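Visitor: Let me give you the structure first, and then I'll get to my questions.
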Ligand SMILES: Nc1ncnc2c1ncn2[C@@H]1O[C@H](COP(=O)(O)OP(=O)(O)OP(=O)(O)O)[C@@H](O)[C@H]1O
Ligand SMILES: [Mg+2]
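In this note's numbering, the protein residues as written are 677 to 909.
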């Protein structure tokens, strides 16, 4: 693996309570263009790990680098800027902004990131429209408040918001837990096809081990952190 990883964790520890260590990772990397499936039972720290990668949580020790920039050395504002420049996040509960339309939500990262705006060869609104249409929303839905959409439709808006402007890495936190088997497979295939168009890497987190076949590589939380830890990187 010669190219610089888009994500690199080194000797990262974190716990919510002072005497408690939930995350203890020696090394974990995601290569450019790679898709990685991170599985682990409920409560093993998957969302916490994504919070650390997104710079929403700060590790107790260690380095977390996005495209060569160590997030742990940055101030809060610079961490936020690095996050929106390099990362597309699909949250477990989607976290769409209820007062914005479908297009307003999907275009949002471009309001905060000049880098992602520059990577578009069209206006953010046009790019958002193209993306949500490619993801299966119809014209009727585009100007509606997201609170009026079905769960599946909201999920597609969350994916468009993560993809817009081709961030280097997309992290997805159990976005398929509300879907039935067929829709789940269709959703992952669509997400994978779209992120490949942008050249974005993907880190997809789920407790459902049967999804592993959709990805280049699968890693178990138990191998990565905690007592069963091995060389998973
Ligand atoms: N803000 C918080 N403060 C204190 N403890 C927390 C906080 N958030 C999560 N935890 C605890 O940390 C552990 C890991 O939680 P986390 O949400 O990262 O797990 P998860 O692997 O994402 O689980 P799930 O599959 O259910 O989403 C749990 O025991 C949880 O109770
Ligand atoms: Mg979680």
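Quick reminder that beta carbons are idealized off the backbone N, C-alpha and C, glycines included.
Please read all numbers here as calculations on a predicted model, not as lab measurements.
For residue 852, is the beta carbon positioned less than 7 Å from some heavy atom of ligand 1?
Guide: Here the question's residue 852 lines up with position 176 in the chain shown. Not under cutoff, so the answer is no.
Visitor: Is the beta carbon of residue 720 within less than 7 Å of some heavy atom of ligand 1?
Guide: Along the chain shown, one-based indexing puts residue 720 at 44. Under cutoff, so the answer is yes.
Visitor: Just reading off the alpha helix (DSSP H) that residue 724 is part of, what are its end residues?
Guide: Locating residue 724 in the chain shown gives position 48, where the first residue counts as 1. Segment 722 to 729, the alpha helix (DSSP H) holding residue 724.
Visitor: Give me the Cβ distance between residue 838 and residue 765, rounded to the nearest whole Å; I'm assuming they're in contact under 8 Å.
Guide: By one-based count along the chain shown, residue 838 stands at place 162. By one-based count along the chain shown, residue 765 stands at place 89. Yes, residue 838 and residue 765 are in contact; Cβ-Cβ is about 6 Å, under 8 Å.
Visitor: Tell me, please, which residues DSSP counts as bridged to residue 877.
Guide: Reading the chain shown from its first residue, position 201 is the one you call residue 877. In DSSP, residue 877 forms a bridge with 845.
Visitor: Does the stretch 718 to 731 come close enough to the stretch 690 to 708 to have 3 or more Cβ pairs within less than 8 Å?
Guide: A contact exists between the stretch 718 to 731 and the stretch 690 to 708.
Visitor: Terminal residues of the continuous beta strand (DSSP E) containing residue 686?
Guide: Walking along the chain shown from the start, residue 686 turns up at place 10. Where residue 686 is concerned, the enclosing beta strand (DSSP E) stretches over 683 to 690.
Visitor: Once the 5 residues before and after residue 734 are set aside, which same chain residues still bring their CB inside 6 Å of it?
Guide: Your numbering for residue 734 matches position 58 in the chain shown. Closer than 6 Å at the Cβ level, and outside the excluded window around residue 734, lies no residue.
Visitor: Counting only runs that start and end within the stretch 818 to 863, where is the alpha helix (DSSP H) found for 4 or more residues in a row?
Guide: Counting only runs of 4 or more, we get 827 to 839.
Visitor: Just checking, does the stretch 872 to 880 make contact with the stretch 838 to 852 on the three C-beta pairs under 8 Å criterion?
Guide: Touching, yes.
Visitor: Taking 7 Å as the cut-off, is the CB of residue 724 close to at least one heavy atom of ligand 1?
Guide: Reading the chain shown from its first residue, position 48 is the one you call residue 724. Checking the Cβ of residue 724 against ligand 1 gives yes.
Visitor: For residue 857, which option in 884, 813, 800 has the closest C-alpha, if you only look at C-alpha atoms?
Guide: Sequence index remark: in the chain shown, residue 857 carries index 181 (1-based). The shortest C-alpha separation from residue 857 is found at 884.
Visitor: By Cβ distance, which residues of its chain are closer than 7 Å to residue 723, with the 5 residues on each side in sequence left out?
Guide: One-based indexing of the chain shown puts residue 723 at position 47. Result list for residue 723: 768, 849, in chain order.
Visitor: Hey, quick one: how far does the alpha helix (DSSP H) through residue 788 stretch, first residue to last?
Guide: Looking up residue 788 in the chain shown gives position 112. That run of the alpha helix (DSSP H) goes 778 to 788.
Visitor: Note down, in chain order, each residue of its chain lying with its Cβ closer than 7 Å to the Cβ of residue 887, except the 5 sequence neighbours on either side.
Guide: On the chain shown, residue 887 is found 211 positions in, with the first residue counted as 1. Hits under 7 Å: 713, 864.
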